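Enquirer: In the numbering used here, the protein residues as written are 335 to 1165.
A single structure is presented below for examination.
Below is the structure:
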């Protein structure tokens, strides 16, 4: 072998290609115990081979025959060549030749006493002068060791190294692309394709390519941290995709890697923050090439503990197979070398690791480095790596798998739908075929669903909600209107023009129909506005479980849910309108819900039939509203309001209104009055002048809450002037004691006309005996008699009492009566 710049490692590495399937057939490449898949999962063949390698390697290590080591990549000294007689990396090439710089004898091959990755054994040291001519050649046992299945068991000894170069190439558009620096051989595995016995691939089909380029399953614990490498996917002839599809898959893959973290540190096991994808120039035979470059500083940080290909994180990219129009041109495709014998080139493999200008000359292990130009033609000169690492032989491509070859066939594809219970998505309800046609045929899923899914179990389940084509992340969304009929796997075990293969599955959530109507009875009172509305006596649920909007359902404005058919009959069974409920009577209201799926008045739940019909009894009584008023008489200046004339009022249901109020009430009832004077003029009630005597007519109108109008007979309001107390006779004066709070105000005379002038009295005869002032004792009463003094004019002078009215003379005496000092009253008597 021509191996340079080698350092000690602790574990043998293997390189394989593998195919897998996980519900879909996807072409998948994996590095570090991954697999590039064209359709099926890693089979037991691969597992057994891996186990066999490990066991054999362990036995050799124990016997001391060959020490296990890892190879450090070295700068290639071999020029590209396409000569069949002189392969670039021949298995027969010696470990070191005179044409190559030799390494120091002070750096002998690593022994079993040397710990892997020892800090005391640096790659280059003063004790290991570079390019010494004393380096011994590797032994035959170290150069090559085969098992029947051609697995690598031995790595080469460490030597000094030259600095690797990083190349800058260009993509298909001429944009510069610089390769990723790799200085340590990663522990690769499973770089072969197993088809699981499948032999066919359909024309006109698309499926996802799942790639597992990075994992840490085979890494020794001492290999961390280790730089992440760049890799290539070279699609088989006739398989194609777009850069947009590949980059989208890479972005999703990076997100998944970032989410898989070491719980003790929070750092991803494979710490890649970005994968930039470049589409390079095609190979000489027209195969599409994509280069994946990780971000600077990306590292494998720790062993994740995930084992097995199917458990690793996958990257998925959509790819297309050949068109049936090119059936003459493409009859098959190959994903492995077509021969079982070891080869020096790998023109039909798919996955390669980029190593810059270094070599990886390990022909024993089934993988080795190849010059890109030698392998894929002169177009590869623009790629960002001169050399690639790939599978060297037909590992795993057994005869049973047709040596990695799939024959193209024309097939029919059938897409399907699956329906699950929305309240418990694990509960599968039903499924069916959606559309069947030729692979690659365009169709309208939404249209097809109307004649398939939407016709099934419509009496039990409500309109299914589309959730996408994956149950891993269901999202409610609109039904697609355009899709291609594609199979879910690209490798088929049999081919038939009549039996369709499985296509895309469309997933739905649904629930049981939940329509529910609840009706109640109610009593109302007659009137144009009796207040009854259907929603007052009906409620429930719509078919989808949302609250029932009664008015809208009756109006027919919820077409996606359904409608309510309402029928009203009177006591005689006659159908009437809602407006007829203004009149007294007993009415039956029947409501029937007819949903948008065609269920009229009922649906099924299990073995039960659920009715969606509800009935209400509406009783309309005569209105009991009343209003009574009475005549009014006041004196001028007295405060008066229209409600003063109201002696009784009841609401429409007969409830007394104890405080009548003019205007509109909260229930919508209204009380008004019209006032006209003696001349027939209508007056404003708010500005009625009660300071002027007059007679007014009051006409009251009461409109109750239901619109019934009550108009009692008109009444009158009489306003009179007050009586003047000085113009009348027989006026008495009340108690003038202002200190008594219960002072008697006396009485007012009733005369309203001026009295005649009195006749002049005759002179009284002088008494023969003087009148003596005395006191008469009566229990509880004291009466004082007072003799008036004679005035100069011969008239008597009033001592107490009320002064005589103007133009009149006093004609009597005044008597004051006191009773226990609580009230006092005065009265006037004639002599």
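C-beta atoms are modelled at their ideal positions from N, C-alpha and C, and glycine is treated no differently.
Values in this document were obtained by computation on a predicted structure and should not be read as measured data.
Applying the 10 Å Cβ sphere with the 16-neighbour rule, what's the burial state of residue 621?
Expert: Residue 621 should be labelled buried.
Enquirer: Please list, in chain order, all residues of the same chain as residue 626 whose beta carbon is under 7 Å from its beta carbon, the five residues on each side excluded.
Expert: If we look at residue 626 and ignore the five residues flanking it on each side, its Cβ neighbours are 547, 564, 565, 584, 609 and 611.
Enquirer: Between the Cα of residue 659 and the Cα atoms of 743, 887 and 842, which residue gives the shortest distance?
Expert: It is 743.
Enquirer: In the DSSP output, which residue or residues are listed as bridge partners for residue 518?
Expert: Bridge partners of residue 518: none, in fact.
Enquirer: Do the CB positions of residue 606 and residue 629 come within less than 8 Å of each other?
Expert: In this structure, residue 629 lies closer than 8 Å to residue 606 by Cβ.
Enquirer: When you compare the region 682 to 690 with the region 719 to 726, are there three or more beta-carbon pairs, one atom per stretch, that lie closer than 8 Å?
Expert: Judged by Cβ distances under 8 Å, the region 682 to 690 makes contact with the region 719 to 726, as three or more pairs qualify.
Enquirer: In chain order, what residues of the same chain lie with their CB nearer than 7 Å to the CB of residue 864, ignoring the 5 residues before and after it?
Expert: Around residue 864: 858, 915, 916, 954 and 1040.
Enquirer: Does DSSP put residue 548 in a helix, a strand or coil?
Expert: DSSP places residue 548 in coil when its eight states are reduced to three.
Enquirer: I want to know whether the region 870 to 877 touches the region 845 to 853 - three or more CB-CB distances under 8 Å.
Expert: Touching, yes, given that three or more Cβ pairs across the two stretches are closer than 8 Å.
Enquirer: Tell me where the beta strand (DSSP E) around residue 662 begins and ends.
Expert: Taken as a continuous stretch (DSSP letters only), residue 662 belongs to no beta strand (DSSP E), as it is neither H nor E.
Enquirer: Tell me whether the region 995 to 1011 and the region 1030 to 1047 touch, counting them as touching only if at least three CB pairs, one residue from each stretch, are closer than 8 Å.
Expert: Yes, the region 995 to 1011 touches the region 1030 to 1047.
Enquirer: Let me know if residue 601 comes out buried or exposed under the rule of 16 or more other beta-carbons within 10 Å of its beta-carbon.
Expert: That one is exposed.
Enquirer: Kindly indicate which residue of 885, 991 and 756 has the alpha-carbon position closest to the one of residue 808.
Expert: Checked all of 885, 991 and 756; the closest Cα to residue 808 is 756.
Enquirer: By how many angstroms is the C-alpha of residue 537 removed from the C-alpha of residue 772?
Expert: The straight-line gap from Cα to Cα measures roughly 9 Å.
Enquirer: Report the CB separation of residue 774 from residue 824 in whole angstroms; it is logged as a contact under 8 Å.
Expert: Not really, about 13 Å apart at Cβ, beyond 8 Å.
Enquirer: If you follow the alpha helix (DSSP H) that residue 897 is in, where does it begin and where does it stop?
Expert: It is not in any alpha helix (DSSP H) - residue 897 instead sits in the beta strand (DSSP E) that spans 896 to 903.
Enquirer: With a floor of 4 residues, list each alpha helix (DSSP H) that falls wholly inside the region 827 to 894, ordered by position along the chain.
Expert: DSSP runs (the alpha helix (DSSP H)) wholly in the region 827 to 894: 868 to 871 and 884 to 889.
Enquirer: Excluding the five sequence neighbours on either side, which residues of its own chain have a C-beta within less than 7 Å of the C-beta of residue 981, listed in chain order?
Expert: Contacts found: 962, 963 and 964.
Enquirer: Does DSSP put residue 929 in a helix, a strand or coil?
Expert: Looking at residue 929 - three-state DSSP - the assignment turns out to be strand.
Enquirer: So, with DSSP's three-state summary, where would you put residue 569?
Expert: In this structure, residue 569 counts as coil in the three-state DSSP scheme.
Enquirer: If you check the beta carbons only, do residue 821 and residue 837 fall under 8 Å apart?
Expert: In contact: residue 821 and residue 837 (Cβ atoms closer than 8 Å).
Enquirer: Could you name the residues of the same chain whose beta carbon sits closer than 8 Å to that of residue 799, not counting the 5 residues immediately before and after it, in chain order?
Expert: Contacts found: 756, 810, 842, 843 and 844.
Enquirer: I'd like to know if the region 985 to 992 and the region 1034 to 1050 are in contact, where contact means that at least 3 CB-CB pairs between them fall below 8 Å.
Expert: With a cut-off of 8 Å, the region 1034 to 1050 and the region 985 to 992 count as touching, because enough Cβ pairs lie within range.
Enquirer: Below 8 Å CB to CB, which residues in the same chain sit around residue 869 once its five sequence neighbours on both sides are set aside?
Expert: Excluding positions up to five away in sequence, the list reads 884 and 885.
Enquirer: Under a three-way DSSP split, which group does residue 915 fall into?
Expert: Looking at residue 915 - three-state DSSP - the assignment turns out to be helix.
Enquirer: Hey, out of 1026, 797, 555 and 790, whose CA is closest to residue 879's CA?
Expert: Per the Cα distances, 797.
Enquirer: Taking the alpha-carbon of residue 644 as reference, which of 551, 704 and 707 has the nearest alpha-carbon?
Expert: Comparing Cα-Cα distances from residue 644 to each of 551, 704 and 707, the minimum goes to 551.
Enquirer: Output needed for residue 766: all residues of its chain with C-beta closer than 8 Å, excluding positions within five of it in sequence on either side, in chain order.
Expert: Cβ neighbours of residue 766 beyond the five flanking positions: 750, 751, 786, 787 and 790.
Enquirer: Using 8 Å for Cβ pairs, my map puts residue 928 next to residue 897. What's the rounded Cβ distance?
Expert: That belief holds up - the Cβ atoms of residue 928 and residue 897 are roughly 6 Å apart, short of 8 Å.
Enquirer: Can you name the start and end residues of the beta strand (DSSP E) that residue 759 belongs to?
Expert: That run of the beta strand (DSSP E) goes 758 to 772.
Enquirer: Looking only at its chain, what residues have a beta carbon closer than 7 Å to the beta carbon of residue 882, apart from the 5 residues adjacent to it on each side?
Expert: For residue 882, where only same-chain residues beyond five positions count, the Cβ hits under 7 Å are 873, 874, 875 and 876.
Enquirer: CA-CA distance, residue 856 and residue 907?
Expert: Near 19 Å, if we compare the C-alpha coordinates of residue 907 and residue 856.
Enquirer: So residue 563 is in the beta strand (DSSP E); what residue range does that whole segment cover?
Expert: Run containing residue 563: none; DSSP gives neither H nor E here.
Enquirer: What's the gap between the Cα of residue 707 and the Cα of residue 720?
Expert: If you take the alpha carbons of residue 707 and residue 720, they lie about 8 Å apart.
Enquirer: Excluding the five sequence neighbours on either side, which residues of its own chain have a C-beta within less than 8 Å of the C-beta of residue 1217, listed in chain order?
Expert: Past the boundaries of the shown model lies residue 1217; the chain is included only from 335 to 1165, so the question cannot be answered.
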